[in-house]
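For reference, the structure discussed in these notes is given below.
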Amino acid sequence: MNRSPHNKHRRRSALVASAALAASAVSALPAIASETGDGVRDGHSIMVMHNIDFIAIAGYADGTELTVEVLRNGVPISTTVAPALPGETEGDFGLEINHGPEAAVRPGDCFAGFTPDVRPGDVVRVTDVGGSDEITVDDMAFSSQPFLARNGDVLVEGHARTFDGAAIPLAQLDSAEFRDGSRFRIFANEVRLTARPDEVGGFTLRYPIRRTFERNRDNLTPQQIQQILLNVDGHAIGFGHIEPAPADAQMVEGLGDTPGPAPGCEEAPSARWGVTNVTPANLNLANRASGVTVRGVSHDSSEVTVNLTDATGTTASKVVTTTAATGASTWTAAFTAAELAGLDGDITVSGVHSFTGGPIGGASETMVKDLVRPDRPTASLPAGVFRGTQRVALNAAPGEQIRYTLGNGRQARPTANSGNLYNNRLRITSDQTLKMVAVDEAGNASPVARLRFRIGNVPSKPRTRRASSGAPGGRATAVARWRAPQFANGSRVTGYRVQALRLRRNGSVASARQTRVLPRNARSLQMRLRRGNYRFRVQAVNALGSSRLSRPSNQVRAR
């Protein structure tokens, strides 16, 4: 389980935000259309983080026996009975279920019997001696891994919808934040939230990394903040995570979290009804012929209808029998490649379990079927010759990883599962060849992109050899001669320039004439000149520029 760093092995009141977050919220907006049944009584509060199966309730009398039920399609899939316990605020009593107990597990710290996979549309009902409170879980989720905007800000996309599919107004999402322990946090008033018109309730979180954040106790640089936001799973969004807590508070916390028991609640097994394994995890070009094997658990069920459903609603189904009609049992369903031919993209793998209490959906898994190679990754620097150490950033489409190798050009190519995983700019200090591939969420690797970098400098100056005067009569000429420079400095010489210095009688320079670039294999040049005395100087040229001029040659006469 990938549990976010700010709730792992910690007990804290989920209904009381930090002082900074509370101060940033203008006021507690009224609960939106999530209260169902009898609603929530005055003074009581229910909070749900469905993606980590966490439920917190508050506002009840000390020691009052509370029954907390999670219902799906009207059928209880988990029930916890425990007395109300003190919270972190004086006079506040309730329960925090599956949050990760700080010490020994007490009644109400964990779900009893099994941990349900709480999903949008499930009903949470709390009953005490005076009546009941009820909400229906809303549909809030992150839909992308963090990725970079062009200006370096970090973006995360998702959606926020009510349980019946209506968009939750962005103004009510008052609890967008990021936490990396207690040292670095980004509070709601420091996050920019914008709507995405391509999806109902779609939103984009933007973290402007070049601003000054209220909680930055280690004085992290913008570059360090950028890497934390890209790689640490501390993102959260929702409504009602403010003080005082409203009747209905719901959030989604963490990008990589999975349903199941929190640390300390491992004795409560995963949901009695659900998918436990999908092999392979994703279908791609490499394993497309293998088909998919789905395994799961059930309880008091004789058969399971296993469904694989893509984003368009297309479904491949198979009915399988369980290993036992009563009590705990397991099941397996195998789908061939031909049976999966009509599915594509993100696929929800789920099961509908038939048992005496009615049908139960149970925990599901997500796999991706993608038979298209991603585009090659790109680099911030083209192949070529450069002066001095270079830093190179690699880029691919959002959600794709980059794997690379650096070497002399004969090193192995990276694949979807080999090579270095790119996470920061590369430092090129010498001649090296970069090979890289982009890997999409299904595990497809792009064609290999290959870039050769050469690190060098301008060559050293050539060395002049003995020049010659021209022959008497006819056109006036003289011959310059030189040797190649001693050091190419990382980039081969591409040519030479010759400078003819016309001398006065006293030996001073009267004028200078320079040739165009001569071929790189040239070592002498007969120049047509005005009659007179001359010395010659020579420059070597490479891709990075021109060397210093050589020392002057001996004096000769153009005649």
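In the working numbering, the protein residues as written are 15 to 573.
Virtual Cβ for every residue (Gly too), placed ideally from N, Cα, C.
Only a predicted model underlies this, so the values are computations on that prediction, with no experimental measurement involved.
How big is the Cα-Cα spacing for Arg26 and Arg220?
-> Your numbering for residue 26 matches position 12 in the sequence shown. Your numbering for residue 220 matches position 206 in the sequence shown. For Arg26, the predicted structure reports a pLDDT of 34, less than 50, and the residue's modelled location is therefore unreliable. A value from the coordinates is still provided. Approximately 27 Å between the Cα atoms of the pair.
Take the Cβ of Asp67 as the centre, count every other Cβ of all protein chains shown within 10 Å, and call the residue buried at 16 or more, exposed below.
-> Residue mapping note: residue 67 aligns to position 53 of the sequence shown, counting from 1. Its Cβ being crowded by 16 or more others within 10 Å, Asp67 is buried.
Could you tell me the boundaries of the alpha helix (DSSP H) in which Asn556 lies?
-> The residue given as residue 556 occupies position 542 in the sequence shown. Per DSSP, Asn556 belongs to no alpha helix (DSSP H); it is in the beta strand (DSSP E), Gly546 to Asn556.
For Ala330, which of Ser312, Val308 and His313 has the nearest alpha-carbon?
-> Translated into positions along the sequence shown, residue 330 becomes position 316. Of the listed residues, the one whose Cα sits closest to Ala330 is Val308.
Which of helix, strand or coil does DSSP assign to Asn65?
-> Position 51 of the sequence shown, counting from 1, holds the residue named residue 65. Note: Asn65 maps to helix in three-state DSSP.
Own chain partners of Ser38 with C-beta closer than 6 Å, once the 5 adjacent residues on each side are dropped | The residue given as residue 38 occupies position 24 in the sequence shown. For Ser38, the pLDDT reaches just 33, beneath the cut-off of 50, and the residue's location in the model is therefore unreliable, leaving the point undetermined.
Please report how far the alpha carbon of Val334 lies from the alpha carbon of Val363, in whole angstroms.
-> For the purposes of this step, residue 334 is taken as the residue at position 320 of the sequence shown. For the purposes of this step, residue 363 is taken as the residue at position 349 of the sequence shown. Straight-line Cα distance between these residues: approximately 14 Å.
DSSP three-state assignment for Pro236, whether helix, strand or coil | The residue given as residue 236 occupies position 222 in the sequence shown. It is helical.
Start-to-end residues for the beta strand (DSSP E) that takes in Ala524 = Translated into positions along the sequence shown, residue 524 becomes position 510. It spans Val523 to Gln528 - the beta strand (DSSP E) in which Ala524 sits, taken as one unbroken run.
Considering only the beta carbon of each residue, do Val289 and Gly310 sit closer than 7 Å?
-> Along the sequence shown, one-based indexing puts residue 289 at 275. Along the sequence shown, one-based indexing puts residue 310 at 296. For Val289 and Gly310, yes; Cβs fall inside 7 Å.
Give the secondary structure of Ile469 by DSSP, where H, G and I count as helix, E and B as strand, and everything else as coil.
-> For the purposes of this step, residue 469 is taken as residue 455 along the sequence shown, with counting starting at 1. Three-state DSSP puts Ile469 in a strand.
Can you grab the Cα-Cα spacing for the pair Gly433 / Arg417, in whole Å?
-> Position 419 of the sequence shown holds residue 433. Position 403 of the sequence shown holds residue 417. Rounded to the nearest angstrom, the two C-alpha atoms are 5 Å apart.
Unbroken beta strand (DSSP E) runs of length 3 or more, entirely within the stretch 278 to 330: which are they?
-> 288 to 293, 306 to 313 and 315 to 324
Which residues in the same chain as Arg54 place their Cβ atom closer than 8 Å to its Cβ, once the five residues preceding and following it in sequence are excluded?
-> Here residue 54 is taken as the residue at index 40 of the sequence shown, counted from 1. The displayed chain sequence assigns Val, not Arg, to residue 54. Closer than 8 Å at Cβ, skipping near neighbours: Ala45, Ile60, Asp147, Glu148, Ile149, Ala261 and Asp262.
Whole angstroms is fine: what's the gap from Gln656's alpha carbon to Arg302's?
-> Because the chain here runs from 15 to 573, residue 656 falls outside it and cannot be looked at.
How about the stretch 470 to 480 and the stretch 434 to 443: do they share at least three Cβ pairs that are nearer than 8 Å?
-> no
When the Cα of Gln446 is compared with those of Arg405, Gly457 and Gly484, which residue comes out closest?
-> By 1-based counting over the sequence shown, the position of residue 446 is 432. When each option's Cα is compared against that of Gln446, the closest is Arg405.
Put Leu243 into one of helix, strand or coil per three-state DSSP.
-> On the sequence shown, residue 243 is found 229 positions in, with the first residue counted as 1. Here Leu243 sits in helix by DSSP.
Can the beta-carbon of Arg133 be found less than 7 Å from the beta-carbon of Glu83?
-> As a first step, residue 133 is located in the sequence shown; it is residue number 119 there, counting from the start. As a first step, residue 83 is located in the sequence shown; it is residue number 69 there, counting from the start. Not in contact: Arg133 and Glu83 (Cβ atoms no closer than 7 Å).
Leaving out five residues on either side along the sequence, give the residues of the same chain with a beta carbon under 7 Å from the beta carbon of Ser538.
-> Here residue 538 refers to the residue found at position 524 when the sequence shown is read from its first residue. Cβ within range, chain order: Val493, Ala494 and Arg495.
How is Gln540 classed by DSSP in three states: helix, strand or coil?
-> Counting from 1 along the sequence shown, the entry for residue 540 is found at position 526. Here Gln540 sits in strand by DSSP.
Just confirm the distance between the C-beta atoms of His313 and Ala355, as a whole number of angstroms; I'd bet it's less than 8 Å.
-> Here residue 313 refers to the residue found at position 299 of the sequence shown. Here residue 355 refers to the residue found at position 341 of the sequence shown. Not quite, the Cβ-Cβ distance comes to about 33 Å (not below 8 Å), so this is no contact.
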